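The sequence shown begins at 1 in the UniProt record's numbering and counts up one residue at a time.
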Amino acid sequence: MATAKPLYERLSKNITAYPPEEAREMAFMMLDHYFGLRKTDVLTDKPLPPNRTEPDWFKILERLNRQEPIQHVIGTTIFCGLEFEVSPAVLIPRPETEDLVRLIMHDFADRTDDVPIVDIGSGSGCIAITLARFLPQSVVTGWDVSEDALTLARRNAQHLNADVTFAIQDILNVPAELVSKFDCVVSNPPYVTRSEAAAMDRNVLDYEPGLALFVEDNDPLVFYKAVADFCLRHLTKDGACYVEINERFGEATQQVFADRGFSNIQVYKDIHGKDRSIRATF
Numbered sequence: 001m002a003t004a005k006p007l008y009e010r011l012s013k014n015i016t017a018y019p020p021e022e023a024r025e026m027a028f029m030m031l032d033h034y035f036g037l038r039k040t041d042v043l044t045d046k047p048l049p050p051n052r053t054e055p056d057w058f059k060i061l062e063r064l065n066r067q068e069p070i071q072h073v074i075g076t077t078i079f080c081g082l083e084f085e086v087s088p089a090v091l092i093p094r095p096e097t098e099d100l101v102r103l104i105m106h107d108f109a110d111r112t113d114d115v116p117i118v119d120i121g122s123g124s125g126c127i128a129i130t131l132a133r134f135l136p137q138s139v140v141t142g143w144d145v146s147e148d149a150l151t152l153a154r155r156n157a158q159h160l161n162a163d164v165t166f167a168i169q170d171i172l173n174v175p176a177e178l179v180s181k182f183d184c185v186v187s188n189p190p191y192v193t194r195s196e197a198a199a200m201d202r203n204v205l206d207y208e209p210g211l212a213l214f215v216e217d218n219d220p221l222v223f224y225k226a227v228a229d230f231c232l233r234h235l236t237k238d239g240a241c242y243v244e245i246n247e248r249f250g251e252a253t254q255q256v257f258a259d260r261g262f263s264n265i266q267v268y269k270d271i272h273g274k275d276r277s278i279r280a281t282f
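And the structure:
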């Protein structure tokens, strides 16, 4: 009977485009995805499930060694404990964004009345859907400029039984007739400057949407200005705005909110000690 550990070792050895530690993590991810085997199952050499058909490992390894993200290869990723479908139409959710979501959940955990939330630039829907799932009192709207992204987000919401209203909307061109008010405005907008692209890995540059990644060097804070301006009209008096940011522009992004009258602006660092998100209130 075939067991997990030899397959894990074979896969790890043949993922050659990444350092050994990353290759081993990818092998664990594949055995979990295709066979439902956790790390402890692999390390204790559990039998492979007899009723599951093995995928075409050669094609999978070929894709990985072209540095296609493993999340695209298996079609899913885990975010805040939930499994999301991903594709080249959306950014792959990052752990840093989980921290932003947890901050929001902490801040609104004790609210008993409805909490209207808008997620600007929803992509896969990971922020909007997670908040809808774990904040039962939330009323969540998700906006994006990409119909392909919204189609994927709606599938994720249906799969995860989350009540989110998704719609096409460009934060740079919000209609004047919009009158909705939100207690929480959250956004993980494009924030990587074009000049930073040269230092990025192929698995990001070649396979993730530039529309969701990049801003021009001459106006790197364009989306933060738009989000802050939106908050002036549509954030409730006691509401809060949450944004993920480029580590290079922590102080400058903070100033964007200060210039617009926000009085309490906190910058949060990621696990690497880099400026990664901002919470701003009036």
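Ideal placement from N, C-alpha and C gives every residue a C-beta, glycine not left out. Please read these numbers as outputs of a predicted model, since none were measured by experiment.
Which residue comes first and which comes last in the alpha helix (DSSP H) that contains Leu43?
-> By 1-based counting over the sequence shown, the position of residue 43 is 43. Its alpha helix (DSSP H) spans residues 39–43.
Going along the chain, which residues of its own chain have a beta-carbon closer than 7 Å to the beta-carbon of Thr130, five neighbours each way excluded?
-> Locating residue 130 in the sequence shown gives position 130, where the first residue counts as 1. Phe79, Cys80, Leu82, Val101.
Nearest neighbour of Ala176, chosen from His159, Arg233, Lys269 [CA to CA] | Within the sequence shown, the letter at position 176 stands for residue 176. For Ala176, the nearest C-alpha among the options comes from Arg233.
If you follow the beta strand (DSSP E) that Leu232 is part of, which residue opens it and which one closes it?
-> Residue mapping note: residue 232 aligns to position 232 of the sequence shown, counting from 1. First-last for Leu232: 222–234, but that is the alpha helix (DSSP H), not the beta strand (DSSP E).
Compare the C-alpha of Asp99 against each of Val267, Val73, Asn65 and name the closest.
-> Here residue 99 refers to the residue found at position 99 of the sequence shown. For the residues Val267, Val73, Asn65, the minimum Cα distance to Asp99 belongs to Val267.
For Arg276, does the count of other Cβ atoms within 10 angstroms reach 16, so buried, or fall short, so exposed?
-> Along the sequence shown, one-based indexing puts residue 276 at 276. Buried, because 16 or more other Cβ atoms sit within 10 Å of the Cβ of Arg276.
Inspect the beta-carbon positions of Phe282 and Lys225 and report whether they are closer than 8 Å.
-> To locate residue 282, count along the sequence shown from 1; it is residue 282. To locate residue 225, count along the sequence shown from 1; it is residue 225. The answer is no: Cβ separation not under 8 Å.
Please determine if the segment 250–258 and the segment 105–122 are in contact, where contact requires at least 3 C-beta pairs separated by less than 8 Å.
-> no
Taking the C-alpha atoms as reference points, what is the distance between Val192 and Ile245?
-> Locating residue 192 in the sequence shown gives position 192, where the first residue counts as 1. Locating residue 245 in the sequence shown gives position 245, where the first residue counts as 1. So the alpha carbons of these two residues sit roughly 9 Å apart.
Since Trp143 sits in a beta bridge, which residues does DSSP pair it with?
-> Position 143 of the sequence shown, counting from 1, holds the residue named residue 143. DSSP, once it has assigned bridges, lists Ile120, Ala167 as partnering Trp143.
Could you work out which residue in Leu91, Glu21, Leu103 is closest to Pro209 when comparing CA atoms only?
-> Taking the sequence shown and counting its residues from 1, one reaches residue 209 at position 209. Of the listed residues, the one whose Cα sits closest to Pro209 is Leu91.
What are the start and end residues of the alpha helix (DSSP H) that includes Asn14?
-> Residue numbering aside, residue 14 sits at position 14 when the sequence shown is read from its first letter. Unbroken alpha helix (DSSP H) run through Asn14: 4–14.
Hey, how far is the Cα of Ile171 from the Cα of Ile117?
-> Along the sequence shown, one-based indexing puts residue 171 at 171. Along the sequence shown, one-based indexing puts residue 117 at 117. Going from the Cα of Ile171 to the Cα of Ile117 covers about 15 Å.
Take Leu205 and list the residues in its own chain whose beta-carbon comes closer than 7 Å to its own, dropping the five residues that flank it on each side.
-> Translated into the one-based positions of the sequence shown, residue 205 becomes position 205. Cβ neighbours of Leu205 beyond the five flanking positions: Ala197.
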